[in-house]
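Worksheet for the structure shown next.
Protein chains in written order, with the working numbering: chain A, 165 to 598; chain B, 493 to 818.
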């Protein structure tokens, strides 16, 4: 090492700088203003690639089966699916965008504003049939919309439901009907703890990640809070219901009703802890019902009940956790990509795989095939899906979410008072709304 | 080593049809014909193109981007903002918090790896039976990819069903299952350090083992004759003679530790309460999650400058220690 540096003569250093300078000069091209090289329609045939996530919603197996069926129906198109963790999905879409690596991507309900304004995914408003708008559920349609334009087709319609372990509740003598309000849930948790049925009755996904915001959103809605003002220019989560929601979370930790490991858990951890019989109640997405009732991966199969999210003083809105399939702007084969998206989101395909994720189509909820696969969930979903709260639809949502995640954790770990933490988050977030 | 440059023997013409000359490479390149130089350059061209393509061009582009306000991954026209990205990011308290974590991580992990590494190297150098087996086993952690190492430690330290809790509880070293990565940001940072040290100590040990093997045994024999015990021999002979190897390891490990990213991404994701967020992790979040590519580029350059300063400082120390070495 020292040999190279020590032996570097002044002339060589100059040469090196010249080469580095050339690198900088070349690097400067483009930032000045070359035209964007976009994708193309393509022939509607050939190979396309698609990016999905590995957790919640449809399983990897489901998606592979759907894709095989699609290829049978469309022999001229081959699809290569890729799967990543939800936590890596956003960044992968962004990093792959310029190269057009993926033709179809799965986007979360919080991203249309960002991906739409930055033209990472296509505006498909003109291709979106009017019949879809009337036939899909309102909560689903909102998934892919930003400023009245569609940036994808809704595919996973989801909100967080409240699950409980029927055996534990019976043991503690708790009436399941009392779980319809958060006050009732807390009373039930105290009773479960007092009777030593389970050490920590509740478990949540409060890790510093988007999952934390989902749980917080649901509570914020129940306590009547708002993320932003009507005009979207002011942060409001540090007032009223927003603060009460966080205080509620903190109290449940302080009273040892919530598993302290919640602050390092994601949805999958919640599922495992709940399925392991180490928690009596939990919020989670639809998929947990099926997974926790599967004897192969659960110790409590057959003892799982699902209900709507409990109500607070201002009702019981569920966090809209839906996702959509989009065609990327960098795709060279957008026609084939759209064919694939149309197929995957169709009512027939969604009905067939309703076990993992409920369909986005209104008529599906009267479909015997759907009702018979998950009768308990469908009954609850009919009510829950009509009342959902969305996280802020702003282009810089991801940044705001990161700030909020950190401050929520500051409060949950007792490093700041809830109000102070939210004020600090609001202070940093306000500048990002413009 | 640097002295080799000045005491280089004068260029020697290669003997016709003779074997390879022992002189430095310049000795035979210089007198060669123009055709040979051209051939050499042609052969070097692909490598130069690769270096330019994957190192210099991206580095140059990142520097340029850091003066603009690039907020999407696509090429296009973006406003020029001068040094605003740098001033903005330098006044961001989140950067300074991340910098504190980075400095703590760098110092503690490097120190830990060095101390453990010296011990391990001494052990591996000792004349024990099955030494080859021990050496092979010790290198294993280092052969593991960091991502795998991170995932492994995340499972070991899982609060609910991790092996660490099970072992410590069953040995009655702790009362109950506890959280390692979730409830205390400082503890989580230290646990990441443990995971990092577990993997990298073996690398440090092997560098030092190589250094140990250059120390002549006669020195120890002479010391023993003079009545010096093993402790004294270690401090008077081993440590001073190991100094070049230690310096090298320090340079490598400090710079690597300063750039720590993957193990944090896998083990904690920067949490809890951003307590394990380091500068490179913050850079990643800014660039890719927030799509503030210019801020990310500015942060990356600040990191590069810091590492460059560190490297220069170390190289100077290294050279001084070499000059003083016998």
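Just so you know, even glycine gets a beta-carbon here, dropped at the ideal spot from N, CA and C.
Are the region 785 to 795 of chain B and the region 719 to 733 of chain B in contact at 8 Å, needing three or more beta carbon pairs? Touching, no, given that fewer than three Cβ pairs across the two stretches are closer than 8 Å.
Going by Cα to Cα distance, which pick from B:580, B:594 and B:726 is closest to residue 770 of chain B? Cα-wise, what sits closest to residue 770 of chain B is B:594.
Among the candidates B:758, B:660 and B:775, whose CA atom is the shortest distance from the CA of residue 681 of chain B? Of B:758, B:660 and B:775, the smallest CA-CA separation from residue 681 of chain B is found for B:758.
Closest to residue 750 of chain B by C-alpha separation, out of B:716, B:611, B:721 and B:601, would be which residue? Of B:716, B:611, B:721 and B:601, the residue nearest in Cα terms is B:601.
Output the boundary residues of the beta strand (DSSP E) element that contains residue 296 of chain A. First-last for residue 296 of chain A: 294 to 299, but that is the alpha helix (DSSP H), not the beta strand (DSSP E).
Contact between the region 323 to 340 of chain A and the region 451 to 464 of chain A: three or more CB pairs below 8 Å? Taking a cut-off of 8 Å for Cβ pairs, the region 323 to 340 of chain A and the region 451 to 464 of chain A touch, as three or more such pairs fall below it.
Specify the secondary structure class of residue 577 of chain A as computed by DSSP and reduced to three states. Residue 577 of chain A: coil per DSSP, three-state reduction.
Check whether the region 762 to 780 of chain B and the region 718 to 728 of chain B touch, using three or more Cβ-Cβ pairs below 8 Å as the test. Taking one beta carbon from each stretch, the region 762 to 780 of chain B and the region 718 to 728 of chain B have fewer than 3 pairs nearer than 8 Å; the two do not touch.
Quick check on the burial criterion: 16 or more other C-beta atoms within 10 angstroms. Buried or exposed for residue 197 of chain A? Residue placement at residue 197 of chain A is flagged as unreliable, the pLDDT there being 43, under the threshold of 50; a coordinate-derived value is accordingly withheld.
Closer than 8 Å at the beta carbon, the chain B residues around residue 225 of chain A: Chain B residues near residue 225 of chain A: none, gap ~22 Å exceeds 8 Å.
Are there three or more Cβ pairs, one per stretch, closer than 8 Å when the region 479 to 497 of chain A is compared with the region 281 to 288 of chain A? In this structure the region 479 to 497 of chain A lies against the region 281 to 288 of chain A, because at least three pairs of beta carbons, one per stretch, are closer than 8 Å.
Given that residue 434 of chain A touches chain B, what residues does it touch there, using C-beta distances under 8 Å? Neighbourhood of residue 434 of chain A in chain B, by CB distance below 8 Å: empty, with the nearest CB roughly 11 Å away.
Residue from B:564, B:582, B:627 and B:803 with nearest C-alpha to residue 701 of chain B: If we check each option's Cα against that of residue 701 of chain B, B:627 comes out closest.
Which residues in chain B have a C-beta closer than 8 Å to the C-beta of residue 259 of chain A? List them in chain order. Here the neighbours are 565 and 780.
Can you tell me whether DSSP reads residue 506 of chain A as helix, strand or coil? Residue 506 of chain A: helix per DSSP, three-state reduction.
Alpha helix (DSSP H) runs contained entirely in the region 417 to 500 of chain A, provided each spans 4 or more residues: The qualifying runs are 431 to 439 and 451 to 456.
Using a Cβ cut-off of 8 Å (strictly closer), state whether residue 198 of chain A contacts chain B. Below a pLDDT of 50, predicted positions are generally treated as unreliable, and residue 198 of chain A, at 45, falls in that range; the measurement from the model is reported next regardless. So, interface residue.
Specify the secondary structure class of residue 556 of chain A as computed by DSSP and reduced to three states. Coil, per DSSP.
Write down the C-beta distance between residue 381 of chain A and residue 555 of chain A rounded to the nearest angstrom, noting that I regard them as a contact closer than 8 Å. At roughly 6 Å, the Cβ-Cβ gap stays under 8 Å, so residue 381 of chain A and residue 555 of chain A are in contact.
Return no unless some Cβ of chain B is closer than 8 Å to the Cβ of residue 373 of chain A. Closer than 8 Å: yes.
By a C-beta neighbour count over all protein chains shown, 10 Å radius and 16 as the cutoff for buried, is residue 230 of chain A buried or exposed? The residue is buried, with at least 16 neighbouring Cβ atoms inside 10 Å.
Using the Cβ count rule (16 or more neighbours within 10 Å means buried), how would you classify residue 347 of chain A? Exposed is the call here.
Can you check the region 326 to 410 of chain A for any alpha helix (DSSP H) of at least 4 residues that lies completely inside it and give the ranges in chain order? Runs of alpha helix (DSSP H) with 4 or more residues, each lying fully within the region 326 to 410 of chain A, are found at 330 to 336, 346 to 358 and 374 to 386, listed in chain order.
Taking all protein chains shown into account, do 16 or more other C-beta atoms lie within 10 angstroms of the C-beta of residue 214 of chain A, making it buried, or fewer, making it exposed? By the Cβ-count criterion, residue 214 of chain A is buried, with 16 or more other Cβ atoms from all chains shown falling within 10 Å of its own Cβ.
Can you give me the C-alpha to C-alpha distance between residue 206 of chain A and residue 507 of chain A, rounded to a whole angstrom? Cα to Cα, the separation comes out at about 18 Å.
Where residue 710 of chain B sits in the DSSP three-state scheme: Judged by DSSP in its simplified three-state form, residue 710 of chain B adopts helix.
Element boundaries [beta strand (DSSP E), containing residue 242 of chain A]: Per DSSP, residue 242 of chain A belongs to the beta strand (DSSP E) from 241 to 248.
is_contact[residue 499 of chain A, chain C] using C-beta, thresh 8 Å: You won't find chain C in this structure, because its protein chains are A and B.
Among residues of its own chain, excluding the 5 on either side of residue 632 of chain B, which ones have a beta-carbon nearer than 8 Å to its beta-carbon? Closer than 8 Å at the Cβ level, and outside the excluded window around residue 632 of chain B, lie 694.
Pairs of beta-carbons, one from the region 249 to 256 of chain A and one from the region 546 to 563 of chain B, closer than 8 Å: are there three or more? The region 249 to 256 of chain A, when compared against the region 546 to 563 of chain B, does not touch it at the 8 Å Cβ threshold.
Relative to the C-alpha of residue 312 of chain A, which candidate in A:246, A:320, A:447 and A:277 has its C-alpha closest? Residue 312 of chain A has its Cα closest to that of A:277, out of A:246, A:320, A:447 and A:277.
Would you report the Cα separation of residue 459 of chain A and residue 465 of chain A, rounded to the nearest angstrom? Rounded to the nearest angstrom, the two C-alpha atoms are 5 Å apart.
List the residues that DSSP assigns as beta-bridge partners of residue 216 of chain A. Per DSSP, A:247.
Less than 8 Å between the C-beta atoms of residue 367 of chain A and residue 469 of chain A, yes or no? Their beta carbons are not under 8 Å apart, which means residue 367 of chain A does not touch residue 469 of chain A by this criterion.
Just the Cα atoms here: how many angstroms apart are residue 577 of chain B and residue 271 of chain A? Taking the Cα positions, residue 577 of chain B is about 29 Å away from residue 271 of chain A.
Residues of its chain near residue 671 of chain B, where Cβ-Cβ distance is below 6 Å and the 5 sequence neighbours each way are ignored: Take residue 671 of chain B, set aside five residues on each side of it, and the residues of its chain with a beta-carbon closer than 6 Å to its own are 651, in chain order.
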